[in-house]
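Only one structure is covered here, and it is reproduced in the block below.
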């Protein structure tokens, strides 16, 4: 018996009822979570960082996330000790339904979603940025269409280039284009990769947000501190909402992020309007530069035009 098991056994012996039934389950959960020392709940989910670094293919990433979900349940205390209740699968052990979700994500050939940013003012009021994105993701490529209001300002393609990724950006407002090679994959921008990380962390979720309706879809949400992966501050919060019927993510949020040059403000990045079976034409991930566009980084082009205007 290891230290964790011995500590749990000693604690459970002191509970004033012998075998927790349905009525006792919530009491037991609260006592366990409040009394069990935090230092004993160190999760192996930090292995997500290693997984994101060494895994090249999405299949390998998904497999690793499934293993992490299992290890968290075996090595620690499940966030929800009881089983599912009246078909509420999210109340059961995440190791079971997490693997089901990962398998669904692994089968995807492509996905699209919307991404927007909400700025939170010091007084708590919110302002949604007029700049928003549409993301197109395949197994090895990625495209981001950036809009200012209803106007397409820029398209960025990330396509495989040897061991790295080639970024090809076209600025329609500047009538220019720019290319850059990145080391590694585009995983940090991949919403599917982020979903897998969240599923691997669900057992350590800080809050079960409960049920809600998002854009007409019945959902259940979880809140996870971003400090559980990477070296992120404790006040950075991530949220993920699942469709209670399909179990696929409906909405993801990254809250409490700092805003450059505005220390009193924070931002929330939202990804929603997911389409898991989109029609993606063959040329979706093929970079295309309109005839007559000039090559150059947007900053350099703006600076040169500003200088030309002053002269």
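Residue numbers (the numbering used here): 707 to 1017.
Ideal placement from N, C-alpha and C gives every residue a C-beta, glycine not left out.
Backbone CA spacing between residue i and residue j [nearest angstrom]
i: residue 937; j: residue 903; result: 15 angstroms
i: residue 1009; j: residue 829; result: 36 angstroms
i: residue 908; j: residue 984; result: 27 angstroms
i: residue 953; j: residue 987; result: 27 angstroms
i: residue 932; j: residue 1016; result: 46 angstroms
i: residue 944; j: residue 930; result: 5 angstroms
i: residue 996; j: residue 861; result: 12 angstroms
i: residue 838; j: residue 868; result: 30 angstroms
i: residue 916; j: residue 940; result: 22 angstroms
i: residue 813; j: residue 922; result: 25 angstroms
i: residue 948; j: residue 918; result: 10 angstroms
i: residue 852; j: residue 810; result: 28 angstroms
i: residue 1007; j: residue 815; result: 37 angstroms
i: residue 980; j: residue 946; result: 13 angstroms
i: residue 905; j: residue 890; result: 23 angstroms
i: residue 1004; j: residue 969; result: 26 angstroms
i: residue 794; j: residue 833; result: 35 angstroms
i: residue 914; j: residue 808; result: 20 angstroms
i: residue 800; j: residue 870; result: 34 angstroms
Proximity to residue i [Cα-Cα], best of the options
i: residue 842; options: 869, 897 and 934; result: 897
i: residue 957; options: 837, 888, 973 and 928; result: 928
i: residue 960; options: 969, 900, 970 and 798; result: 900
i: residue 950; options: 942, 970, 819 and 924; result: 924
i: residue 942; options: 833, 982, 975 and 905; result: 975
Residues near residue i in its chain [Cβ-Cβ closer than 6 angstroms; skip 5 each side]
i: residue 1011; result: none
i: residue 993; result: 863 and 874
i: residue 872; result: 865 and 887
i: residue 796; result: 926
i: residue 885; result: 874
Nearest-angstrom Cβ-Cβ length linking residue i and residue j, presumed shorter than 8 angstroms
i: residue 999; j: residue 876; result: 7 angstroms
i: residue 831; j: residue 822; result: Contact doesn't hold; Cβ gap of about 17 angstroms is too wide.
i: residue 840; j: residue 973; result: At roughly 19 angstroms, the Cβ-Cβ gap does not stay under 8 angstroms, so residue 840 and residue 973 are not in contact.
i: residue 978; j: residue 819; result: 7 angstroms
i: residue 982; j: residue 817; result: 5 angstroms
Same chain, Cβ closer than 8 angstroms to residue i, neighbours up to 5 away in sequence not counted
i: residue 1014; result: none
i: residue 859; result: 837, 852, 853, 877, 878 and 879
i: residue 844; result: 815, 816, 986, 990 and 991
i: residue 920; result: 947, 956, 957 and 978
Cβ shell of residue i (< 7 angstroms), same chain only, five flanking positions each side left out
i: residue 854; result: 836 and 837
Problem set entry | Inter-stretch contact (C-beta, 8 angstroms, three-pair minimum) for the segment 956 to 967 and the segment 841 to 856 | With the cut-off at 8 angstroms, the segment 956 to 967 and the segment 841 to 856 do not touch.
Problem set entry | Touch test, the segment 878 to 887 against the segment 990 to 1005, Cβ-Cβ under 8 angstroms, three pairs minimum | As far as the Cβ criterion goes, the segment 878 to 887 touches the segment 990 to 1005, which means the pair count is three or higher.
Exercise. How about the segment 799 to 807 and the segment 907 to 922: do they share at least three Cβ pairs that are nearer than 8 angstroms?
Worked result: Contact holds: three or more Cβ-Cβ distances are below 8 angstroms.
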